[in-house]
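Numbering (the UniProt record's numbering), first residue to last: 1 to 381.
Heads up, the thing below is written out as C-alpha cells.
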C-alpha cells in the first residue's frame with residue numbers, strides 16, 4: 001500500500017420525497033397519483049403504526065439519525081450517495097411512472113445535513129416531475145453548492161463526472177449512469193438537445209467499452225474513478241452474468257470502484273482482482289416503514305459503507321460496514337442480532353472476501369479481500 005488510505009462513504013438510495021418530505025419543516029404538496037395512496041402523509045401514518053409516533057416537524061437532520069455521527073467519526077475523504085428524489089415545487093407528474101417522489105426545495109437543508117460531495121442522479125425518480133422538475137433539481141443542488149453526476153441539460157452534461165479534490169492533490173471522479181432494469185424509462189435519456197439522465201441500454205460488452213472509453217478520457221494519473229450505476233430489480237439477490245461481466249469490464253478498463261444501487265435491500269459485494277463491486281447498496285433513507293410483503297429481505301436494515309482504497313492503485317484495502325435500522329423515519333443503530341444476520345447474509349452472497357469480522361462497537365464489521373480474490377471471478381447466487 002502506498003501512503004495513507006483513501007476512505008469513501010458510499011450508500012444507496014436516498015429518497016427524501018413523499019413521506020419524508022411531509023415530516024420536514026417545509027412540507028410540500030402531499031398529493032400523489034398512486035393506486036395505493038393519494039396523499040403522502042399516508043406513509044407517515046404507516047410508519048407510526050409500525051414503530052410509534054414521528055414528531056412533526058422534525059429537524060432537518062432527523063432522517064439521517066445516527067449516520068451523521070458515524071460519518072463525523074469516520075471523516076471520509078468524500079461522500080457519495082444516490083439521490084432518488086426530484087427537488088421541485090412545480091413540474092408535472094410523469095405519465096411514465098406510477099410512483100413519484102419530490103421534495104420541497106425549502107427542505108434542501110435535510111440533504112445538506114449529510115454534507116454529500118456527490119449526488120448521483122441517473123435513477124428512476126429524478127424525472128418524476130418531468131424535465132421542468134429535473135431543471136429545478138439541478139438548479140437547487142447547484143445553488144446549494146452540491147456536485148452532481150448522471151443528469152443534465154444535455155447528453156454531454158449528463159455524462160460528465162463529478163470531480164472531487166481529495167488529499168494529496170488527487171481527484172475523485174464519479175460517473176453516474178442508469179439502466180432500464182431499474183425502471184428508468186428510455187424516454188428519460190439525455191440527448192444532444194434534450195435534458196435527461198445518462199442512460200445505458202443494458203449491461204452489454206459494447207456499453208462497458210463505451211463507458212471505459214469515457215473514463216479513460218477524463219482520468220489522469222493519481223485519480224480514483226467510481227462508476228455509480230442504477231440497475232437491477234428491486235428485490236432478490238441474483239446477480240446476472242451480464243451484470244457481473246459489465247462490472248468486471250469496467251474494473252479491467254481502469255475504473256476503481258463500481259457503486260451499484262436500485263435494490264431495496266443489500267445485494268452482493270465482490271472483490272474482483274483487488275477492486276470493489278457493490279452490486280446493490282440497498283436503500284438508505286426512504287418512507288417504506290409499514291409497507292409489507294418482502295419482510296424476508298429485511299429492507300428495514302440499511303448499510304453505511306466506508307470503502308478504504310490504496311490511493312496510488314485504487315486497490316481495495318477493506319470495506320467497513322455500519323448496520324443501521326429505519327424506525328420512525330430515522331436511522332438508528334441496528335441490534336447485535338440484526339448485525340449478525342447481515343454478516344451471515346453478506347458472507348453467503350458475497351465473493352472474494354474473508355469472512356466478516358466484527359471490528360468495532362455498535363455492530364460495525366469489516367470485509368477484507370481474500371488472497372484468492374486477485375484472480376477470482378464472480379458467479380451468480
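Just so it is clear, CB atoms sit at the ideal spot from N, CA and C, and this is done for glycine as well.
Alpha-carbon to alpha-carbon, residue j and residue i
i, j, result
"residue 127", "residue 102", "9 Å"
"residue 379", "residue 57", "Unreliable positioning characterises residue 379 in this predicted model, as indicated by a pLDDT of 38, which lies under 50. A coordinate reading is not provided."
"residue 311", "residue 196", "33 Å"
"residue 16", "residue 122", "16 Å"
"residue 253", "residue 276", "14 Å"
"residue 191", "residue 221", "30 Å"
"residue 331", "residue 20", "12 Å"
"residue 359", "residue 70", "14 Å"
"residue 130", "residue 297", "32 Å"
"residue 29", "residue 273", "49 Å"
"residue 368", "residue 308", "10 Å"
"residue 143", "residue 109", "12 Å"
"residue 357", "residue 133", "44 Å"
"residue 32", "residue 219", "42 Å"
"residue 45", "residue 145", "34 Å"
"residue 99", "residue 87", "15 Å"
"residue 279", "residue 111", "24 Å"
"residue 348", "residue 179", "26 Å"
"residue 125", "residue 82", "11 Å"
Nonlocal neighbours in the same chain, by C-beta distance under 8 Å from residue i, ignoring five residues either side
i, result
"residue 370", "271, 352, 353, 354 and 376"
"residue 49", "290"
"residue 167", "4, 6, 77 and 311"
"residue 235", "263, 264, 265, 294 and 297"
"residue 73", "none"
Own chain, CB closer than 6 Å to residue i, minus 5 neighbours either side, in chain order
i, result
"residue 224", "172, 256 and 314"
"residue 227", "175, 250, 255 and 258"
"residue 283", "12, 13 and 264"
"residue 247", "258 and 277"
"residue 287", "18, 19, 20 and 43"
"residue 177", "122, 198, 200 and 229"
One or two residues paired with residue i in a DSSP bridge
i, result
"residue 137", "Bridge partners of residue 137: none, in fact."
"residue 270", "277 and 351"
"residue 259", "228 and 278"
"residue 394", "The displayed coordinates of the chain run from 1 to 381. Any statement about residue 394 would go beyond what the structure contains."
"residue 9", "79 and 306"
"residue 246", "DSSP output for residue 246 lists no bridge partner at all."
"residue 367", "319"
"residue 14", "83 and 285"
Same chain only: Cβ atoms within 7 Å of residue i, ignoring 5 sequence neighbours per side
i, result
"residue 333", "66, 324, 362 and 363"
"residue 383", "There is simply no residue 383 to check, as the chain begins at 1 and stops at 381 in what is shown."
"residue 185", "96"
"residue 187", "96"
Practice prompt. Counting only runs of 4+ residues fully inside the stretch 276-357, write out the alpha helix (DSSP H) ranges in chain order.
Written response: Within the stretch 276-357, complete alpha helix (DSSP H) segments of at least 4 residues are found at 336-349, given in chain order.
Worksheet item: Between the stretch 294-308 and the stretch 18-33, do at least 3 Cβ pairs fall closer than 8 Å?
Response: no
Worksheet item: Along the chain, which unbroken stretches of the beta strand (DSSP E) at least 3 residues long are found entirely within the stretch 69-133?
Response: Assignment of beta strand (DSSP E) within the stretch 69-133, counting only whole runs of 3 or more residues, yields 78-83 and 118-120 in chain order.
Discussion item. Could you check whether the stretch 264-282 touches the stretch 34-42, counting it as contact only if at least three pairs of C-beta atoms, one from each stretch, sit closer than 8 Å?
Written reply: no
Worksheet item: Considering only residues of the stretch 153-237, which uninterrupted alpha helix (DSSP H) runs meet the minimum length of 4 residues and lie entirely inside it, listed in chain order?
Response: Counting only runs of 4 or more, we get 155-159 and 205-218.
Fill in: Contact the stretch 237-248 vs the stretch 82-94: 3+ CB pairs below 8 Å
The stretch 237-248 is not in contact with the stretch 82-94.
Worksheet item: Can you find at least 3 beta carbon pairs, one from the stretch 131-149 and one from the stretch 54-69, that sit closer than 8 Å?
Response: no
Practice prompt. Please determine if the stretch 113-120 and the stretch 198-207 are in contact, where contact requires at least 3 C-beta pairs separated by less than 8 Å.
Written response: No: the two stretches stay apart, fewer than three of their Cβ pairs being nearer than 8 Å.
Worksheet item: So does the stretch 334-351 actually touch the stretch 63-76, counting three or more Cβ pairs closer than 8 Å?
Response: no
Item to complete: Report the residue ranges of all alpha helix (DSSP H) runs contained in full by the stretch 16-73; include only those spanning at least 4 residues, in chain order.
Response: 19-23 and 41-51
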